[in-house]
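For reference, the structure is listed below as structure tokens.
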Amino acid sequence: MPEKISNETILAALGKVQEPELHRDLVTLNMIRDLESKGSTVNFTILLTTPACPLRSQIEREAKTAVLAIPGVEAVNVKMDASVPNDGRMRGLLNLPIRNAIAVASGKGGVGKSTVAVNLAVALVQSGARVGLMDADIYGPNIPTMMGVKQIPGTNGEKLVPAEAYGVKLMSMGFLVKPGQPLIWRGPMLNSAIRQFLSDVDWGELDYLIVDLPPGTGDAPLSLAQILPLSGALIVTLPQAVSLEDASRSLEMFRALEVPILGVIENMRGEFFGSGGGEDLARIAKVPFLGAVPMETPVRLGGDTGEPVIISKPDSEAAKSLKAIAGQVAARISVTALGQKDAPTINVI
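Next up, the structure:
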């Protein structure tokens, strides 16, 4: 009868396998769970920091290879699971069980910021994450149209129940006003609405809350970023120089607010607007470039019909780019969360 392979021996082998994004080994990161050996077979679970991990196949492959190298091991069964970490910034936020809040921002309107936010939210849900999408663009709430939803279900007796589409929980001022009705509000009224979107909506447990911020660097996005303890900000820009100038201002605003910059996304890349501007901005600002989304008709049609391109044309180049960007965003959030030291408690009042 072969000698039993000890857990210590297996963990020693797995301790040589690094998580590519976090640059630390799987054992130190406490990612190995349910370890057991039965004869020559070893079983264990790898608990990823996000279900959208873009390198999950590499991690699984390297873990198997490391354990198979142990004398006496003939078979390895690996289960891949995930638990999204909390970066600490959301702790104490009205006791909301939201692990991470991500702002999608731009320095100007018309760059497809809401389109990016919608598709990122859907892509994260498709990976297995629990996702909410808050339309904080109070003056131009387009999320209901883009997600094909006209109203929220109502209340559960205490709080508003968010709408849901494609697995994403949604809240927008567009659900609360008549179509076409303008909101002529000053900053304090807008801030109050955002606070209510957080405290008076039954979001439930979320791994990610995507926040579609208003364009620009004026009172609205500045106040919103101060109200909501953001895990990070995504900067969406077109390739052209004018858009880059405005996007750079938005990026520097978040830096001044000490919000981590997750990276830059270049939208509508192609013959009309050009290409490469987003990469230039990321290089100059010394932040990650997360990818470029090509300018394609299905992206526009998806927004008009309430069926995001990731759903309507999943094999299109735009959809593939958005899925890859979602994976990069999830990875960046994990790096930020696990690298974050104890953060102060922040309450919305």
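Just so you know, our numbering puts 559 at position 228 of the sequence shown, and the rest follows in order with no gaps.
Cβ atoms here follow ideal geometry from the backbone N, Cα and C, with glycine treated the same way.
Query raised in the report: Going by alpha carbons, who is nearest to V409 out of P351, V415, S388 and N417?
Result: S388
Query raised in the report: How big is the Cα-Cα spacing for V415 and L357?
Result: 15 Å
Requested in this report: Please list, in chain order, all residues of the same chain as I429 whose beta carbon is under 7 Å from its beta carbon, the five residues on each side excluded.
Outcome: M421, W534, L537 and L540
Requested in this report: Assuming V567 and V449 form a contact by the criterion Cβ under 8 Å, report the distance between their Cβ atoms to the nearest whole angstrom.
Outcome: The Cβ separation is near 12 Å, so there is no contact.
Query raised in the report: Quick one, are the C-beta atoms of L366 and F375 less than 8 Å apart?
Result: yes
Requested in this report: Enumerate in chain order the residues of its own chain whose CB-to-CB distance from S581 is below 7 Å, with the five nearest sequence positions on each side excluded.
Outcome: A436, S437, G438, T548 and I566
Report task. Can you tell me the Cβ-Cβ gap for L464 and V499, rounded? I've got them flagged as a contact below 8 Å. Result -> 5 Å
Query raised in the report: How about S458 and V404: do their beta carbons lie closer than 8 Å?
Result: no
Query raised in the report: For the candidate residues A454, A616, G609 and G607, whose alpha-carbon lies nearest to that of F585?
Result: A616
Query - C-beta contact flag for L353 and L593 at 8 Å - result: no
Requested in this report: Keeping to the same chain, check which residues put their C-beta closer than 7 Å to that of G622; ignore five residues upstream and five downstream.
Outcome: I596, S652, A655, I656 and Q659
Requested in this report: Output yes or no for whether 8 Å exceeds the beta carbon distance between A572 and G608.
Outcome: yes
Requested in this report: Kindly list the residues whose CB is nearer than 8 Å to the CB of N361, restricted to its own chain and excluding five residues on each side of it in sequence; keep chain order.
Outcome: L378
Requested in this report: For K395, collect the residues of the same chain with a Cβ closer than 8 Å to its Cβ; drop the 5 residues on either side in sequence, then sort them by chain order.
Outcome: V407 and V409
Query raised in the report: Beta-carbon separation of A460 and A383 under 8 Å?
Result: yes
**Report entry** Reduced DSSP category for R461 - H, G, I as helix; E, B as strand; rest coil
**Finding:** coil
Query raised in the report: If you drop the 5 nearest sequence neighbours on each side, which residues of the same chain put their C-beta closer than 6 Å to that of P619?
Result: G594
Query raised in the report: Which two residues bound the contiguous beta strand (DSSP E) that contains I541?
Result: L537 to D543
Requested in this report: Over the uninterrupted beta strand (DSSP E) stretch that includes F620, give me the two end residues.
Outcome: F620 to P625
Query raised in the report: Would the beta-carbon of P545 be found less than 7 Å away from any heavy atom of the ligand NAP?
Result: The ligand content of the structure shown is nil, which means the ligand NAP is not present either.
Query raised in the report: Between which two residues does the alpha helix (DSSP H) containing G682 stretch?
Result: The requested residue 682 is not part of the displayed model; the chain covers only 332 to 680.
**Report entry** Residue range of the unbroken alpha helix (DSSP H) whose run includes S581
**Finding:** A572 to A587
Query raised in the report: Considering only C-alpha positions, which residue in the set N338, I474 and G440 is nearest to G634?
Result: I474
Query - Between the CA atoms of A650 and L507 - distance to the nearest angstrom - result: 30 Å
Query raised in the report: Does Q482 come within less than 8 Å of chain D when only Cβ atoms are used?
Result: Chain labels in this structure do not include chain D; a single protein chain is all it has.
Query raised in the report: Alpha carbon to alpha carbon, what distance is there between V456 and V532?
Result: 20 Å
Query raised in the report: Under the rule that 16 or more other beta-carbon atoms within 10 Å means buried, what is R355, buried or exposed?
Result: exposed
Query - DSSP state of I664 mapped onto helix, strand, coil - result: helix
**Report entry** Buried or exposed (CB count within 10 angstroms, at least 16 for buried), D577
**Finding:** buried
Query raised in the report: When DSSP labels each residue in this structure, what does A655 get in the three-state scheme?
Result: helix
Query - Under the three-state DSSP convention, the category E648 falls into - result: helix
Query raised in the report: Can you tell which of N522, V630 and T636 has the C-alpha that lies nearest to the C-alpha of P645?
Result: V630
Query raised in the report: Between M478 and L451, which are expected to be in contact by the criterion C-beta below 8 Å, what is the C-beta distance as a whole number of angstroms?
Result: Actually they do not touch by this definition, with Cβ atoms about 13 Å apart.
Query raised in the report: How would you label F528, buried or exposed, when you count the other beta carbons within 10 angstroms and need 16 or more for buried?
Result: buried
Query raised in the report: Can the beta-carbon of P472 be found closer than 8 Å to that of M504?
Result: yes
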